[in-house]
Structures are given as structure tokens and as C-alpha cells.
Amino acid sequence: MCWSAAADLTAGTAIAAVGLVCVARVRRARDLPVAALPLLLGVHQLVEAAVWNTGGCSPAATAWAVIAFPLLPVWVPAGVLLAAAPGARRRLWATLAVGTATAAVLAYALATGPVTAEIRGRTIGYGVKVPWMPLVLAGYLFATLGALLLAGDRRLRTLGVVLAAGALACSALWRLEFASTWCAFAAVASVLVLGWVRQRQPGLSGHTADRKLPRRM
588 MCWSAAADLT AGTAIAAVGL VCVARVRRAR DLPVAALPLL LGVHQLVEAA
638 VWNTGGCSPA ATAWAVIAFP LLPVWVPAGV LLAAAPGARR RLWATLAVGT
688 ATAAVLAYAL ATGPVTAEIR GRTIGYGVKV PWMPLVLAGY LFATLGALLL
738 AGDRRLRTLG VVLAAGALAC SALWRLEFAS TWCAFAAVAS VLVLGWVRQR
788 QPGLSGHTAD RKLPRRM
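Numbers in this note's numbering are just positions in the sequence shown, counted from 1, shifted up by 587.
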């Protein structure tokens with residue numbers, strides 16, 4: 588996700604801090620999963636900082652894979668579905684269904700085989716034996732990016748476009764073993780989520796009938 592342990596540690600700390608701000612600003616319970624997404628991405632990068640120092644088969648590599656593979660394809664569409672306006676929810680159920688099926692396959696792969704991490708210059712290659720890889724990858728992208736693009740919310744659609752561009756760019760750079768730069772796109776994504784959370788605050792949007800979280804002292 589980043590090009591070194593130090594970069595992962597720095598970016599992960601900053602992104603997680605933005606995630607904490609997002610969670611602290613949430614006033615609607617149904618917005619929490621999307622608001623917590625930067626926190627999850629930040630923790631993910633902090634875990635990878637440990638992978639740089641261990642490599643091979645390690646608890647850190649397994650923890651990284653659990654977040655990246657079975658967790659995100661359920662977390663993202665479920666969070667978007669909860670936060671979406673009633674009129675947009677019907678089309679989002681498909682992304683959650685596909686994400687759940689994809690996560691089940693990925694969880695099975697993690698449970699039945701080892702997770703390896705190989706440092707390749709300024710990138711890390713993770714090894715997981717995933718069956719039906721093209722189909723699983725398509726389901727993963729539909730669940731995560733598709734949910735954001737179908738959300739019916741301008742800021743979430745922008746987030747989806749940024750993450751899609753980031754996935755393409757980072758995939759190309761990773762294949763060249765040049766450098767992993769996903770942390771830069773994760774940082775941009777965290778700022779976009781913060782903007783989304785601020786827009787959702789009472790008084791800044793028209794969603795006044797939703798159940799609110801109690802204000803923090």
C-alpha cells in the first residue's frame with residue numbers, strides 16, 4: 588500500500604487520525620460505517636508497516652489480508668446501503684449480496700491456506716490462493732466501487748471515481764514493481780469522507796429526520 592514501512596506508518600497514522608475525526612463528527616448512527624472507513628484504511632496501513640519488518644507468513648500478513656479481502660467487500664456496500672437515501676437503497680442490495688458472496692469465498696481461501704508476503708523492492712506481494720480469481724475480482728470491484736458509484740450521493744460517487752483511478756494506477760505500478768502508492772489515494776479518500784461527514788451534519792443537509800447519535804461531552 589506504501590513504498591516502505593516508514594511511509595506506511597506515517598500515512599496510516601495520518602489517515603487513522605482523519606478517521607477518528609470523521610467518527611467523532613457523526614451524528615447519525617447509520618452514517619458510522621462510511622465515516623469509519625478512513626479509520627479502517629489507516630489501521631490497514633499500520634498493519635502493513637509491521638509486514639515490512641516480518642515478511643513471509645506472519646500474523647501481520649494475515650491481519651492485512653483479512654481486512655483487504657473478506658472485510659472490505661462487505662463493509663463498503665453495507666455502509667453505503669445504510670447511509671443511502673431510501674430511493675437509492677434498492678439498487679444497492681445487489682452490491683451487498685455480491686460482496687457477501689465474494690467475502691465468503693475469500694474468507695474460505697484465508698481459512699484453508701497460508702497468507703504470504705514477499706517484499707519486492709518498494710512493493711509487497713501478498714500470496715493467497717483464491718479460486719475463480721477473475722470472477723472473485725469482478726465481484727470485489729462491483730461490491731466496493733460499484734456501491735460508491737451507485738450510492739446516489741455526489742461525494743460518494745466522487746470517492747468511487749478516485750478509488751477506481753487509484754486501483755488502476757496502483758495496479759500498474761505494482762506490476763512494474765516500481766512502488767506501491769495506494770496510501771496516497773487512501774489519504775485523498777479520507778479527506779473526501781471527512782467532507783461527506785461534514786455535509787451530513789444536522790443543519791448542513793436536509794436529512795433531519797434520521798436518528799442521531801448522542802452528542803459527546
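Just so you know, even glycine gets a beta-carbon here, dropped at the ideal spot from N, CA and C.
Could you say if the stretch 668-677 and the stretch 744-753 meet the contact criterion of at least three C-beta pairs nearer than 8 Å? no
DSSP has R707 in a bridge; who is on the other side? T710
Considering just the uninterrupted stretch of the alpha helix (DSSP H) at S777, what are its terminal residues? W769 to R787
Within the stretch 655-732, ranges of the beta strand (DSSP E) (whole runs, at least 3 residues): 703-707 and 710-714
Let me know if A698 comes out buried or exposed under the rule of 16 or more other beta-carbons within 10 Å of its beta-carbon. exposed
Kindly indicate the opening and closing residues of the alpha helix (DSSP H) around D618. Careful: D618 lies outside any alpha helix (DSSP H) and carries neither H nor E.
Taking only three categories from DSSP, how would you classify G629? helix
To which residues of the same chain is V663 closer than 6 Å at the C-beta, ignoring the five residues directly before and after it? T731 and A734
So, for V723: in the same chain, excluding its five sequence neighbours on each side, which residues have a beta-carbon less than 8 Å away from its beta-carbon? T689, V692, L693 and V717
Would you identify the three-state DSSP class for G739, choosing helix, strand or coil? coil
Going by other Cβ atoms of all chains shown within 10 Å of its Cβ, with 16 needed for buried, is V784 buried or exposed? buried
Which value, in whole angstroms, describes the spacing of the CA atoms of L736 and C770? 21 Å
Quick check: L743 and V667, are their CB atoms within less than 8 Å of each other? yes
My understanding is that A655 touches A647, with C-beta atoms under 8 Å, so please give their C-beta distance in whole angstroms. Going by Cβ atoms, the distance from A655 to A647 rounds to 12 Å, so no, they are not a contact pair.
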